[in-house]
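Engineer: Quick note on my numbering: the sequence shown kicks off at 251 and runs consecutively. Once you've had a glance at the structure underneath, I'll fire off some questions.
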Amino acid sequence: MIPIYRISEGRENLHKNEDAFKRSAELLQQNQIVLIFIEGICLNKHQLQPFKKGAARIALALLKEQRPLNIMPITIAYNSFLSFGKNIRIHLAAPISAEQLLPYEDDAKNFQYFNERMYEQLSGMIHVPEAFRHQQRILLALPAIIGFFLHIPIYTLIKKQIYRRTKGTVFFDSVMFGVLLILYPLYLILLIVLLSLFHLPFSIIGPVILLHPFLAWCAVQYKITRNNNV
251 MIPIYRISEG RENLHKNEDA FKRSAELLQQ NQIVLIFIEG ICLNKHQLQP
301 FKKGAARIAL ALLKEQRPLN IMPITIAYNS FLSFGKNIRI HLAAPISAEQ
351 LLPYEDDAKN FQYFNERMYE QLSGMIHVPE AFRHQQRILL ALPAIIGFFL
401 HIPIYTLIKK QIYRRTKGTV FFDSVMFGVL LILYPLYLIL LIVLLSLFHL
451 PFSIIGPVIL LHPFLAWCAV QYKITRNNNV
């Protein structure tokens, strides 16, 4: 990860961006891939924000050194930003050569043209995922209800704590995913221990534990279909 600093993060850090541009160019010269978030900001919106010049500057630096470079436009869209369980659509367009995006001798014109072309390309690639079929929702209903009531206590407890700590930021979804990824296996282990205390045979404990993730998945998928059909 190569950090980029904004003026809001202190003018004294802006000079570090030159190192980021150089590092990116070095990686590209080594035939590596550099993923650039050209908006330079993270917002829970499907509308493109104004582009920064960093991507164009890096591409132009390689072009001046006569290095071959292709730019692949990529978009990602969610059916929901905050709800846990979602459809995600990633759209990859055909690569565009740097020469096509930087046709002028003047750097300022190149930066403007690069961003205009990329903005036009990316704007047509953002498509919010479509709804599930109604038949799928019917099949998911019963296991989803069971999964919901099995998991709602622990899920609600974790969600409230994370929401309180990430309120006002765009990191709720990422933190929620990370915490559940770590805590859910521990929750299942604790459940195994509790069921063992009742001297239940493993022939019962095993299926119960295995069904938990499946029923949770059903609840999440059902929620996605509901959100998509609202």
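Glycine included, C-beta positions come from ideal geometry on N, C-alpha and C. Predicted, not measured: the structure shown is a model, and the values here were computed from it.
Between M375 and A343, which are expected to be in contact by the criterion C-beta below 8 Å, what is the C-beta distance as a whole number of angstroms?
Structural biologist: Indeed, because the Cβ distance is near 6 Å, the residues count as touching under 8 Å.
Engineer: My output table needs one value for A327: the three-state DSSP class, helix, strand or coil.
Structural biologist: strand
Engineer: With a threshold of 16 other CB atoms inside 10 Å of the CB of Q471, please say whether the residue is buried or exposed.
Structural biologist: buried
Engineer: Could you compute how far the alpha carbon of Q350 sits from the alpha carbon of I288?
Structural biologist: Taking the straight line joining both Cα atoms gives about 18 Å.
Engineer: Measuring CB to CB, does A275 end up less than 8 Å from I254?
Structural biologist: no
Engineer: Counting only the same chain and skipping the five closest in sequence on each side, list residues whose C-beta sits under 7 Å from that of I252.
Structural biologist: A270, R273, S274
Engineer: Within a Cβ cutoff of 7 Å, which residues of the same chain sit near I459, ignoring the five residues on either side of it in sequence?
Structural biologist: L438, L441, I442
Engineer: What's the call for M322, buried or exposed, on a 16-neighbour Cβ count within 10 Å?
Structural biologist: Exposed, by the Cβ-count rule.
Engineer: How far does the alpha helix (DSSP H) with I338 in it extend, from its first residue to its last?
Structural biologist: Careful: I338 lies outside any alpha helix (DSSP H), inside the beta strand (DSSP E) at 338 to 342.
Engineer: Can you check which of these residues, Y434, A348, K266, is closest to C306 by C-alpha distance?
Structural biologist: A quick correction: the sequence has Ala, not Cys, at residue 306. Of the candidates Y434, A348, K266, the one whose C-alpha sits nearest the C-alpha of A306 is A348.
Engineer: Which residue marks the beginning of the alpha helix (DSSP H) containing I442, and which one marks its end?
Structural biologist: 422 to 447
Engineer: So, is F361 buried or exposed, given that buried needs 16 or more other C-beta atoms within 10 angstroms?
Structural biologist: buried
Engineer: With which residues is S347 paired in a DSSP beta bridge?
Structural biologist: N320
Engineer: From N329 to I404, what does the alpha carbon distance come to, in whole angstroms?
Structural biologist: C-alpha separation (whole angstroms): 24 Å.
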